[in-house]
Structure formats: C-alpha cells, structure tokens
Amino acid sequence: MALPHAQRKYDLIIFGASGYTGKLAAEQALQHTPSSLKWAIAGRSPHKLELLATDFNRRFPDRVPVGIFIADLDEDALDKMAKATRCLISTVGPFIRYGTAVVEACAVNGTHYVDSTGEITWVKEIVDKYHKTAKANGAIMIPQCGMESAPADLAAHTLVKSMRDNYNCPVGDVTFCLHEFKAGMSGGTLESGMSLLEHSTLQEVVHATRTYALSPVKGYDLPFAWPMRRHPELGILTKWIQAVPDTVYVYRSWGTFDRGQYYGENFNFMEYRRANNWISAVFWFLITCSITVLPIFAPFRWLARKYIQPGEGPTVEQMAGYRIEYRGVAEADDDSENPKKVSVRVTYEKDPYTCTGALMVLIAMSILFDEDIEAKKLGCGMLTAATVATPELYRKLDRAGFHIETKLL
C-alpha cells in the first residue's frame, strides 16, 4: 500500500540533480518555488550532491535547507526514494535505458512524476504499461515536460481555451511554428536520440510516431500536410524534427479532454519551423531529414559520441544570447468561408535547458498545490502538461520568464 502523502519527508525530489539539466532544474526550484518547500536533490554521487546542497543552502539561507537523497537505479533504492516524496522530477536519461524503473516505482507508490524526456517510443511504452497503475494509486505522471513537448502542448491548449471562451467554437486547423531558436544542444539530448534508435525497433518507432499513438481515442484520418508551405500569418514554414513528438503529445491532450470534443472533433495540429525564404526552407527540411536518418547508422553514432559526451552542454557565456520563440494560429471549426482566428506567441529569453527546468518545476508545483487541475478531475494517471494548465500555472510561468500571449485576429 502506498504511503500517504502527508507522511512523506519531502514535497519534491529532483533525481539527477548533479547532471546538466538536473542542475538547471534545481536552480529553477530555488528561484521559483515557495521557500517553505521541503525538497531534496538525488543521485548516485554523495560528493557531488553535498557540494550542490552546500552551495544552494549558502546562497538561499531563508529557504528550508535542501536535503540529499542517495539513489542509484537499484529497485530498492528507487522504491525508497519514491516513498520519500510527494513528487519526483527525473532528468536521468536516456530514459529508454534508465527511466522505466523510476516510472514503475512512482506509479506503484502513488508518487507524482515529471520528466524531461523526448523519447517517444519510451513514452508510448510507459503510457501503455503504467497508466492504469498510476491512476489506481493516485499518481499524476507527466512525461515530456521540457522543450519536448510542453511549449507546444500548453500553446495548443491555450489556443483552444481562447477559442472556446471568446467564440464558443471548437478548433479546426492549428498551425504552430518555431519562430526563432538561438540555442545549443547538450550531450544528453544527442545521447537520448541515439539510444532511442538502439533500443527500439523500426516498427516501434513507426507505431509511436503515429498521430494518435498516445491518444486515448482515435480521431479521423488527417489531411496530407505539405512539408513546406506559406502561411498568411506565420510566413514560410518548413518541417522540423521536434514536430513529431510534439504532435503525438498534443493529440494525447486532445483525446484526454472530453474524448476530443473540447478541442474539436476536426482538430488538426501541424507544427513547423519558420524559414526566412524558400532556400532556407529547403535547407532546414534537408537538415531535418539528415538528423532523422543519420543516427540509424552505427558509424555516425560512434563519431557523435566521440566528440559530444552526456553531461556536457552550452556554457553560461554561450547561453547569454539564447532565446526561444514560438508562434501559432488556430482557426475555428465553424464551416464559414472566413473562420475566426486566434494567435498565440510563446517566448523565453534564455536557453532551452533552463526553460526545461522551469517548466518541469512549475508543472510539479501545479500538481502539488493546485486543486483545480484537470488531472485531478480525470483521476490521475499518465497525462500531459495541458491537464495541469491553470491561470495560476501561467502566472508562475510568466514570472519565471516563460510568456504565453494570445490575440484574437
């Protein structure tokens, strides 16, 4: 039987806090959570964790001191860690290699869970395997809470809510694009992508990337979407690699909210990257194809691992000029020649890994302290970022620098 949350030592544990993304998530916890939060950092190295905890407690003396929890990937250690906290944030990847036991421990013990994965075959596996267990034990478990795929999911939900609130209409086409991306990549991101291909069959990858792969209900067959196009509000657009996991994730939200009826039965989400001109569009399309295909070949993976190691990432100096901006437009599904439109703009004036940290921490806070989230009305389980989206979450995200603005067109 799961230990009641009131009897647990911590509100939050960040697992993998000495890694690249884990450290950034811990920094976000220090800056954007209540000072009374009882939390701990967890990992395998006592020395690294002690150095971090000493630094955190020195810099933030008015907070409840951060604790330390030593845990590797041993089943008993993970079980003890899951029982010690109300919510666990995991940044220990590649998740397809190291994440399943962590998810199982949380599902069995009724521990809320958030992670930074973008490994779609693994997400499909854990949703299929642990959704019922998590629901039975009262655990809200939300994978893909970083750059993959919370921005797209929250933006789509915001567009739908705005359309419903202002026009009482379901949504038809949603065109969403990465408008600007000034950032670098960590070694962990590259390793996760290569591990996915090493630990999944081609059939599993194809199945996990289908539009309705994670949705609890199946919608209609979507119309063909050109890989490059011009949009009247968003400009020249081209496909990019994150569109696949984002789209599959958004459709889990679609199917979760009133079995697709809240978003709209003809909801059609399309994601792209903005290009300055058609030459640039073709260039980015070819880059996307290369990034998708090259890691299939072992020599490429060997070469990539030789030069980029997990745990490495952009330096503080490099991150100084980073920024991220998404834009999107939703059209009402109202059968008119000129459907009503709503636009969304998502901005974050820092790097994607700090953004990931902020999103995970604040989504965890929403799970822990906001009683009015859809996830609790649904009875818990393996859910999405949109199911914990409330005005309070958006206010906290705004204070953390993650801005979502909507506009009626």
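Quick note: the sequence shown, position 192, residue 192 per full-length UniProt numbering, numbers continuous.
The C-beta atom is built at its ideal place from N, Cα and C for all residues, glycine as well.
Owing to the predicted nature of the structure, the values given are computational and were not obtained by experimental measurement.
Using DSSP with H/G/I as helix, E/B as strand and the rest coil, what is residue 64? coil
Mapping DSSP to helix, strand and coil, what is residue 383? coil
Spatially closest choice to residue 339 from 170, 124, 143 and 137, by CA coordinates: 170
Just to confirm my understanding: we take residue 134, look at its own chain, exclude 5 residues before and 5 after, and list those with CB closer than 7 Å. What are they? 107, 141, 380, 381 and 382
In three-state DSSP terms, what is residue 145? coil
Through-space distance from residue 173 to residue 235, alpha-carbon basis: 16 Å
Tell me whether the beta-carbon of residue 209 lies closer than 8 Å to the beta-carbon of residue 250. no
Determine whether the beta carbon atoms of residue 91 and residue 19 lie at a separation below 8 Å. yes
Three or more C-beta pairs under 8 Å: does that hold for the stretch 362 to 370 against the stretch 271 to 286? no
In the DSSP output, which residue or residues are listed as bridge partners for residue 317? Residue 317 pairs with nothing; no bridge assigned.
Where do the ends of the beta strand (DSSP E) carrying residue 231 lie? 228 to 231
Just checking my contact of residue 153 with residue 253 at CB under 8 Å: how many whole Å lie between their CB atoms? 6 Å
Secondary structure at residue 54, three-state DSSP: helix, strand or coil? helix
For the alpha helix (DSSP H) containing residue 165, name the first residue and the last one. 150 to 167
To the nearest whole angstrom, what separates the beta carbons of residue 345 and residue 323, a pair I think is in contact under 8 Å? About 13 Å; that fails the 8 Å criterion.
Can you give, in chain order, each stretch of the beta strand (DSSP E) that sits fully within the stretch 201 to 278 and has at least 3 residues? 228 to 231, 235 to 238 and 268 to 274
Looking only at DSSP bridge pairs, what is residue 173 linked to? 268
For residue 11, report the span of its beta strand (DSSP E) as first-last. 10 to 15
Please go through the same chain and pick out, in chain order, the residues whose beta-carbon is closer than 6 Å to the beta-carbon of residue 28, but skip the five residues on each side of it. 357, 358 and 361
Between residue 325 and residue 180, which are expected to be in contact by the criterion C-beta below 8 Å, what is the C-beta distance as a whole number of angstroms? 4 Å
Residue 343 and residue 407 - do their beta-carbons sit closer together than 8 Å? yes
Residue range of the beta strand (DSSP E) that includes residue 124: First-last for residue 124: 120 to 136, but that is the alpha helix (DSSP H), not the beta strand (DSSP E).
With C-beta atoms as the reference, is residue 256 less than 8 Å away from residue 378? yes
What span of residues does the alpha helix (DSSP H) with residue 366 cover, start to end? 352 to 369
Residue range of the unbroken beta strand (DSSP E) whose run includes residue 324: 323 to 332
Of all the options 402, 244 and 11, which has the alpha carbon lying nearest to the alpha carbon of residue 65? 11
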